[in-house]
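For the sequence shown, the residue numbers in the numbering used here are 1 to 193.
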Amino acid sequence: MASERLRFRAVTSERWADFERLFETRGAPGYCWCMVWRATREEAKHGDRGSRKAAMQARICEGTPVGLLAYDGEDAPVAWCSVAPRASYRRLVRDESPDDGIWSIACFFVLRPLRGTGVMRQLIAAAVRHARAKGAKMVEAYPVDADSPSYRFMGFVPVFAEAGFSEVGREGTRRHVMRLALHKPARRHSPSS
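Shown next, in the form of structure tokens:
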């Protein structure tokens, strides 16, 4: 596998089988199905693997944005990035400001053979492009320090800093809150005749 050949696709109902295949790979987050931050109070009462998988599948089939898959070529999903409107998550931050226009990057999963090859940087760049294309005004992330004993699936502070994110606060004792404002490209004016 070569990380420079990666292609990124939004998870849709048509890509459910790919998402399922990646999440059922050994070492993947199939225990949570990326529902920890998304589960409603009612869904949280049923925290078993099957219930979480069904809840994620329902969101995807309803057209709710959940994230991106990275493919090595066209067929093999090799990585995942949870990126969606912050309002679609239940409890990422205690920030009471309106969620309008804020998209959140909540977690990553990369197959072991590709770890340490720059895939996370590519996932962040793809997530930012995706959020911008969907009308986001800002992308927010919750990475940790490299020596953190938990939340490592949310990424690391230096990688987000390299991508242009700035720290704006903390959430709990481990997670940093980092943001990247998305500016629309300047419109080019054609010369007057």
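Ideal Cβ positions, reconstructed from N, Cα and C, are used throughout, including at glycine.
As DSSP reads the structure, Glu167 sits in a beta bridge with Met178. Going by beta carbons, Cys107 and Phe153 fall inside the 7 Å limit. Setting aside the 5 residues that flank it on each side, Lys53 is surrounded in the same chain by Trp33, each with a C-beta closer than 6 Å to its C-beta; the list follows chain order.
Bounds of any alpha helix (DSSP H) do not take in Ala106; it lies within the beta strand (DSSP E) bounded by Ile102 to Val110.
Counting along the chain, the unbroken beta strand (DSSP E) around Asp72 starts and ends at Gly67 to Asp72. Here Phe160 is not near Met138, since their CB atoms are 7 Å or more apart. In this structure, DSSP gives Pro29 a state outside helix and strand, which the three-state scheme calls coil. Note on geometry: alpha-carbon atoms of His176 and Ser88 lie some 20 Å from one another.
Classified as buried, Ser104 has 16 or more neighbouring CB atoms from the shown chains inside 10 Å of its CB. The residue from Thr25, Gly67, Arg7 and His183 with its alpha-carbon nearest to that of Gly135 is His183.
With distances taken between CA atoms, Arg21 lies nearest to Phe109 out of Tyr142, Ser166, Phe109 and Ala163. Ala84 is a Cβ neighbour of Val66, given a cutoff of 7 Å. If you draw a straight line from the Cα of Thr25 to the Cα of Ala181, it is about 34 Å long.
Beyond the five residues adjoining it in sequence on each side, His130 comes within less than 7 Å, by CB distance, of Ala10, Leu68 and Val83 in the same chain, given in chain order. Taking C-beta separations shorter than 7 Å and ignoring five residues to either side along the sequence, the partners of Ser148 in its chain run Arg174, following chain order.
Within 10 angstroms of the beta-carbon of Tyr31 lie fewer than 16 other beta-carbons, which makes it exposed. By a beta-carbon distance limit of 8 Å, Ala76 does not contact Arg121. Their separation comes to about 20 Å. A straight-line Cα-Cα distance of about 23 Å links Phe8 and Ala55.
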